[in-house]
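Here the structure is laid out as structure tokens; the discussion comes afterwards.
Protein chains: 2
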Amino acid sequence: MNIGLDMMGGDFAPLEAVKGAADFIASTTNTAIHLTLIGDESKIREHLADHPIAAGRYSIVHAAQVIGMHEHPTRALKEKQQSSIAIGFHLLATGKTDAFISAGNTGAMMVGALFSIKAIEGVLRPTIGAYMPREDGSLGLLVDVGLNADCKPENLNQFAILGSLFAKHILNFENPKVGLVNLGEEEGKGNILAQATYPLLKANKQINFTGNIEGRDILLNKADVLVCEGFTGNVVLKLAESIYDIVKRRDIHDEHFDRFNFEQYGGVPVLGVAKPVIIGHGISHALAFKNMIRIASRMLEIDLMGKMKNSFLEQA
Amino acid sequence: MNIGLDMMGGDFAPLEAVKGAADFIASTTNTAIHLTLIGDESKIREHLADHPIAAGRYSIVHAAQVIGMHEHPTRALKEKQQSSIAIGFHLLATGKTDAFISAGNTGAMMVGALFSIKAIEGVLRPTIGAYMPREDGSLGLLVDVGLNADCKPENLNQFAILGSLFAKHILNFENPKVGLVNLGEEEGKGNILAQATYPLLKANKQINFTGNIEGRDILLNKADVLVCEGFTGNVVLKLAESIYDIVKRRDIHDEHFDRFNFEQYGGVPVLGVAKPVIIGHGISHALAFKNMIRIASRMLEIDLMGKMKNSFLEQA
Chain A
1 MNIGLDMMGG DFAPLEAVKG AADFIASTTN TAIHLTLIGD ESKIREHLAD HPIAAGRYSI
61 VHAAQVIGMH EHPTRALKEK QQSSIAIGFH LLATGKTDAF ISAGNTGAMM VGALFSIKAI
121 EGVLRPTIGA YMPREDGSLG LLVDVGLNAD CKPENLNQFA ILGSLFAKHI LNFENPKVGL
181 VNLGEEEGKG NILAQATYPL LKANKQINFT GNIEGRDILL NKADVLVCEG FTGNVVLKLA
241 ESIYDIVKRR DIHDEHFDRF NFEQYGGVPV LGVAKPVIIG HGISHALAFK NMIRIASRML
301 EIDLMGKMKN SFLEQA
Chain B
317 MNIGLDMMGG DFAPLEAVKG AADFIASTTN TAIHLTLIGD ESKIREHLAD HPIAAGRYSI
377 VHAAQVIGMH EHPTRALKEK QQSSIAIGFH LLATGKTDAF ISAGNTGAMM VGALFSIKAI
437 EGVLRPTIGA YMPREDGSLG LLVDVGLNAD CKPENLNQFA ILGSLFAKHI LNFENPKVGL
497 VNLGEEEGKG NILAQATYPL LKANKQINFT GNIEGRDILL NKADVLVCEG FTGNVVLKLA
557 ESIYDIVKRR DIHDEHFDRF NFEQYGGVPV LGVAKPVIIG HGISHALAFK NMIRIASRML
617 EIDLMGKMKN SFLEQA
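Same order as they appear, the protein sequences are chains A and B. Taking the working numbering, I'd label the letters of the first sequence as residues 1 to 316. Taking the working numbering, I'd label the letters of the second sequence as residues 317 to 632.
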């Protein structure tokens, strides 16, 4: 399998991307994994001198341009055809690579994922999830966290399926509990969307729906996959991220709150597109890059995309 | 002025309600404030023996029934006409009292406020706010936090006006900054509702609109009044409440996080109804009751209802 990695994305690129890639190759037992490093070839080679990767385990594809973190996503992707992100998606779309990872411009990654990679057949809207650290040490998955600000009940029902498959095969929950984020626990509570979504989730045999989840339970393990539209999900994610900032500013040292440092998780996958696309945090360091490659390789090893595809064939 | 107080509402009633009422009367310089204590007369008198209130500053209205914390709001209000909440709203609606406070069944308080007290003319939907503790020691106001799960742009625009008046006159912000809770900072971001609300807030001359507020800024002082529909607001409020629970469980002692103990704030007003109605936390102690009476008396002293009324006449 060939995993494409944007070497120019993120605040500490390409150094941390090179380190992460080297660490991953040094640690994996799967010798079939090949990395395609996409970016400024001379800079990449310079860092590779200090952080070598075994010959034959990687190749470099030169990209003359970089999309900045604050550029307009659609415009930048269109105008910068030689950027590492544009080339990364081109390689993925044409089958030269099997997955693509970047810690660069999030918007450009979303646009690229939606418009250059096909959605899995039957998936109405791909989604992006985020990890929620829980006190028992595990990670829940909140979907959607901003890709779909307005949703229909059927979208949330599909997020539940996609999220459950990711939670099962990547987060290692045997039978992930699905909760519907809501303003009350009882069936019948909620806004129009949540009220209409509840019966769909309840009737969905592909998921383990356990009912509504209130805000107070998002950081507990009442549900492993937390489903909501991207507006509420985005506000929740960024509020949770800000808790870590407050904890840091107040010089509080606590193992659990350290897990609110969302940088360490590497990145979140775009779920519902036909190939693994992973979007990293701008402030990704080597560990984050290594984790993102690990997740992408795991998604390929267990054929998560095939499982998702079958799931939607089953549903149809 | 005559403030009605439900003595039977909350986990520690009527003792803590009596203590709070006694503390308030002992501390206030405004001798024109009279309290109407509504509840089980013999129990109230029993506690008054230990926590006396000056004669002439209070009267007792006996209520033979209590609405439990988990009773169905509409049904309970209808069936328990002799409950302290039903009597409290009856006294308020008929002008026997000027305000009503309860730490009892939240749903029954909402239903009572909406159906026995008229909305201010021009107000489409009354709302409930909650305080958001910020690191600078101040409190922001988040509206709505659950009364209106589905909203139209005009509702949010009105919440902004009501919230601004409350923030100015009760929370003492000179010119409260209004922020629209959203998933991005730039104008044009958001779900359909937020996108349609932005221009209304921008054009509203009665408020000091400062733009969109992301989840990460809710606990900062970027905006003093944070406007959103009640679905997102409820999830945010309960998530913030759960942070305090986590902090407590992890034995973290921190002045700022102590302020996430929402019990201490006494209660939140229903904004947009023609008379002060304040809903307290179930676990209210004496300080919370005292604070709620203080807020209600302040709302009456400065004629906040009149100011709200004028605001909507102006808008019309």
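Beta carbons: idealized from backbone N, C-alpha and C, even for Gly. If you're wondering where the values come from, they're calculated on a predicted model, not measured in any experiment.
Are there 16 or more other CB atoms within 10 angstroms of the CB of B/ALA371, so buried, or fewer, so exposed?
exposed
First through last residue of the beta strand (DSSP E) which encompasses B/LEU535:
From DSSP, B/LEU535 is part of no beta strand (DSSP E); its letter is neither H nor E.
A/ASP23 touches chain B at which residues, Cβ-Cβ below 9 Å?
Here the premise fails: no neighbours, minimum Cβ distance about 30 Å.
For a quick check, are the C-beta atoms of A/PRO14 and A/HIS47 less than 7 Å apart?
yes
Within a Cβ cutoff of 6 Å, which residues of the same chain sit near B/ALA429, ignoring the five residues on either side of it in sequence?
VAL586, VAL589 and VAL593
CA nearest to the CA of A/LEU304, picked from A/LEU183, A/ASP251, A/ILE170 and A/GLU314:
A/ILE170
A/VAL111 CB to nearest chain B CB: under 7 Å?
no
Three-way DSSP call (helix, strand, coil) for A/ILE192 in this model:
helix
What does A/VAL235 reach in chain B if we use C-beta pairs closer than 7 Å?
VAL497, LEU499, GLY531, THR548 and VAL552
Can you list, in chain order, the stretches of the beta strand (DSSP E) that have 3 or more residues and sit fully within the stretch 323 to 398 of chain B?
350 to 355 and 374 to 378
So is the beta-carbon of A/GLY215 under 6 Å away from any non-hydrogen atom of the ligand FMN?
Here there are no bound small molecules, and the ligand FMN is not part of this structure.
In angstroms with no decimal places, state the Cα-to-Cα distance between B/HIS386 and A/LYS238.
33 Å
List in chain order: all unbroken beta strand (DSSP E) runs of 3+ residues lying wholly within the stretch 415 to 494 of chain B.
415 to 418, 443 to 449 and 455 to 459
Cβ-based neighbour list, A/GLN65, same chain, cut-off 7 Å, excluding 5 preceding and 5 following
LYS80, GLN82 and SER83
Looking at chain A, which residues of the stretch 577 to 608 of chain B have a Cβ within less than 8 Å of any of its Cβ atoms?
none
Compile a chain-ordered list of the residues in the stretch 120 to 141 of chain A whose CB is closer than 9 Å to at least one CB of chain B.
GLU135
Residues that DSSP places opposite B/PRO585 in a beta bridge:
B/ILE594
So which of A/GLY179, A/ALA240 and A/CYS228 has the shortest CA-CA distance to A/ILE213?
A/GLY179
Could you give the first and the last residue of the continuous beta strand (DSSP E) run that contains A/PHE231?
Taken as a continuous stretch (DSSP letters only), A/PHE231 belongs to no beta strand (DSSP E), being part of the alpha helix (DSSP H) at 230 to 249.
8 Å contact criterion, which A/LEU183 and B/ASN550 should meet: CB distance rounded
4 Å
Report buried or exposed for A/ILE302, applying the criterion of at least 16 other Cβ atoms within 10 angstroms of its Cβ.
exposed
Please tell me whether A/ILE3 and A/LEU35 are closer than 7 Å, where the distance is taken between their beta carbons.
yes
Go to A/ILE87, then tell me how far its alpha helix (DSSP H) extends in each direction, as first and last residue.
84 to 93
Three-state secondary structure assigned by DSSP to A/PHE260:
coil
What do you get for A/PRO133, buried or exposed, if any count of 16 or more other CB atoms within 10 angstroms of its CB means buried?
buried
Is DSSP giving A/GLY306 helix, strand or coil here?
helix
Got a sec, what are the start and stop residues for the alpha helix (DSSP H) B/LEU603 sits in?
602 to 617
Since I believe B/ALA419 is in contact with B/ALA604 (beta carbons under 8 Å), could you give me their beta-carbon distance rounded to a whole number of angstroms?
7 Å
Cα-Cα separation between A/LEU141 and A/LYS290, rounded to whole angstroms:
20 Å
Measuring only the C-alpha atoms, how far is B/LYS297 from B/GLU490?
Beyond the ends of chain B as shown, which are 317 and 632, falls residue 297 of chain B; an answer cannot be given.
List, in chain order, every chain A residue whose beta-carbon is nearer than 7 Å to that of B/ASN507.
ALA149, ASP150 and PHE231
Can you tell me whether A/ASP50 is buried or exposed, with buried defined as 16 or more other CB within 10 angstroms of its CB?
exposed
Minimum Cβ-Cβ distance from A/GLU241 to chain B less than 7 Å:
yes
Can you find a CB in chain B that lies within less than 7 Å of the CB of A/GLY107?
no
Mapping the DSSP letters down to three states, classify A/LEU201 as helix, strand or coil.
helix
List the residues of chain B whose Cβ lies closer than 7 Å to the Cβ of A/ASP254, in chain order.
ARG566 and ILE568
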